[in-house]
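For the protein sequence lines, the chains are H and B, in the order given.
In this text, residue positions in the first sequence follow UniProt numbering: the first is 1, and each later residue adds one.
In this text, residue positions in the second sequence follow UniProt numbering: the first is 1, and each later residue adds one.
We treat Cβ as the ideally placed atom computed from N, Cα and C, and that holds for glycine.
Computed from a predicted structure; not experimentally measured.
As structure tokens, the structure follows; a few thoughts come after it.
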Amino acid sequence: MSHTLHRQGTPANLDNDFPMHALPARGFNHEGALPKLKQFLAIAHRHNPVNLGDVKLGNKYVTAYDELYEQLTTSSTHAVLADKDDLTALLAEVKAADLGMSLTISGLFARLFACCDQAGIQPHAVEHSLGVLGKTEQMPEAEIAQITTMCGHAMVAQGLVRRLIGKVKKGEMTPAEAGIELAKPCRCGIFNPARAAMLIDEYCALFTVTVR
Amino acid sequence: MRIDKDKCAGCGQCTEFCTLGRIAVCRRDPRTGKLYYEINEDECVDCGVCLRAGVCSAGALYMPAYAWPRTVRSAFSDPTVEHRDTKVAGRGTEEIKTNEITGRIKRGFVGISCEMGRPSVGARFYDIEKVAMALARLGVEFEPNNPCTRLMADPQTGRYKAEVLNEKVLSAIIEMIIPLAQLPAVLTAIRGAAAGVDCVFCVDLITVLEPGNAIPTLPLLQSLQWPVSPNGKMNTGLGRPLAKEG
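Pasting the structure below:
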């Protein structure tokens, strides 16, 4: 599935959000891929990730990094960075390591092209989101969707977002703590808790936000 | 997913983890006066998030051992469950993710997906069928390794197996590769089909880059006045062995 394609937001609040996944292709380079995926995870771990994960093991907020590394499966290995300089450095290191694993990153296209260029990488293909069609009135409001769409499998529930906004507004929790709570259900580890915290902090300053 | 009403303490904490919103209702046992929650099982997609959250201290939540065709719900809604046919966890294929290796989508072609039910709404297969049939009328070939295609009774018409039509899933992906020249007709058909469904769906477009990072689909999208998000996904081309372009 397109996983990290449909993150909703503004160019400003999407500018520090770089989810990525390294994975092998079945029938091509799947055999012997595990050590390379582990190497990718280790590289990502060195570049200040705000999340890491493997769908079968969970993300770094439910499974410690050391356990993720030791028990990593031969599937898609995920990480999220929140800084363009970290992304550029990671891309350069992955290229130098010559892992041979496909690496897909998401973000603002202008930013991604610039980071690839600085890292000496020629991208192969792009995937555009052409938006949401149909009965869009059934969707949660835009503020909530900016957070829930950070989990491509839709494991982050709108009700949980609303409850945690309420708890932050009442001073029972910090935005950073709420971001981490929201990251936990997203098994793969592509949810960006730092961006969620920033969004919740922004919403809490507004009386107009609906907390149903 | 079900809640054992005898065990349920009526706290409602699990309902906040529902990926589709509020599909559980609070009830009162007329004999005992005890409050409990009941899941609308017809609306539930069996994603398992409420159970995995571990918030039910009473142990009232449980996933029954469902039989076919109900089992398609968890296969398309819970990323930890693998499809029996493809052995791939999730809802679609590797789409753009390994394209530099597989060469699945080549220059002059584009990959199109309709992610039915996404985001946060879910979809029944009778709505998924409406979009698939509209596309099939244009002669598109659906991705054979996609689990959604495997549920079609006839991929030539986009008709699904009758027994799955009322099943509801968090998302299922209709996926195809078409010549670039066919893109305007396919997008027009997608827009038309969207008016007839009682759900939402996201549309994806995969394009191999031309020299200088030129994106050949952008002029077509502009001519169709189709809005394009400034963010999206990129295959960095670091996989090996590289596919040979035909």
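Assignment of B/Ala123 by DSSP, reduced to helix, strand and coil, places it in the strand class.
Taken in chain order, the complete beta strand (DSSP E) segments of 3 or more residues contained in the segment 100-154 of chain B are 109-116 and 152-154.
Contact check between the segment 217-235 of chain B and the segment 83-94 of chain H: fewer than three CB pairs, one atom from each, fall below 8 Å, which does not count as touching. Every alpha helix (DSSP H) stretch that sits fully inside the segment 112-154 of chain H and reaches 4 residues is listed by chain position as 142-148. Between B/Ile96 and B/Ile206 the beta-carbon gap is near 5 Å, inside 8 Å, which marks them as a contact. Residue-level contact by beta carbon holds for H/Val94 and chain B, with a gap shorter than 8 Å. Neighbours of H/Thr149 in chain B, taken as residues at a C-beta separation under 9 Å, are given in chain order as Arg118, Pro119 and Ser120. Of all residues in the segment 119-150 of chain H, only Ile121, Gln122, Pro123, His124, Ala125, Val126, Glu127, His128, Ser129, Leu130, Gly131, Val132, Leu133, Gly134, Lys135, Thr136, Gln138, Met139, Pro140, Ala145, Thr148 and Thr149 place a beta-carbon less than 8 Å from a beta-carbon of chain B.
The three-state reading of DSSP puts H/Glu172 in coil, since its state is none of H, G, I, E or B.
The beta carbons of B/Phe109 and B/Leu180 sit closer together than 8 Å.
Under the DSSP assignment, B/Arg27 falls in the beta strand (DSSP E) whose first and last residues are Ala24 to Arg28. At least one CB of chain H lies nearer than 8 Å to the CB of B/Leu238. One finds Gly134, Lys135 and Gln138 in chain H with Cβ atoms closer than 9 Å to the Cβ of B/Asp198, taken in chain order. Here H/Thr74 has Pro24, His30, Ala33, Leu34 and Leu37 as same chain residues with Cβ atoms under 8 Å from its own Cβ, once five neighbours each way along the sequence are excluded. For H/Lys169, there are no neighbours in chain B by C-beta distance under 7 Å, as the nearest C-beta there is about 16 Å away. Here B/Ala123 is near B/Phe201, since their CB atoms are less than 8 Å apart. Scanning chain B for C-beta atoms nearer than 7 Å to the C-beta of H/Phe113 yields Asn213, reported in chain order. In chain order, Pro19, Ser106, Gly152 and Ile190 place their CB closer than 6 Å to the CB of H/Thr4, counting only its own chain and leaving out the 5 sequence neighbours on each side. Residue-level contact by beta carbon fails for B/Ala134 and chain H, as no gap is shorter than 8 Å. Listed along the chain, the chain H residues whose CB falls inside 7 Å of the CB of B/Ile178 amount to none; the nearest CB is some 14 Å away. Taking 8 Å as the cut-off, the beta carbon of H/Lys167 is found closer than this to the beta carbon of H/Ala178. In this structure the segment 128-144 of chain B does not lie against the segment 227-243 of chain B, because fewer than three pairs of beta carbons, one per stretch, are closer than 8 Å.
Closer than 9 Å at the C-beta level to chain B, one finds these residues of the segment 85-109 of chain H: Leu91, Val94, Lys95, Asp98, Leu99, Gly100, Met101, Ser102, Leu103, Thr104, Ile105, Ser106, Gly107, Leu108 and Phe109. Interface criterion met: the Cβ of B/Arg22 is under 8 Å from a Cβ in chain H. According to DSSP, residue pairing for H/Asp85 in a beta bridge does not occur. Separation of the CB atoms of H/Met101 and H/Ala22 is rounded to 5 Å, and the pair is thereby assigned contact status at 8 Å. The beta carbons of B/Arg73 and B/Lys7 sit no closer together than 8 Å.
A direct Cα-Cα distance of roughly 8 Å separates B/Met116 from B/Cys199. Taken in chain order, the complete beta strand (DSSP E) segments of 3 residues or longer contained in the UniProt domain "4Fe-4S ferredoxin-type" (35-66) of chain B are 35-39. For H/His153, the chain B residues whose Cβ falls inside 7 Å of its Cβ are Pro79, in order along the chain.
Comparing C-alpha distances from H/Thr174 to each of H/Ala196, H/Cys115 and H/Asp54 shows the shortest one belongs to H/Ala196.
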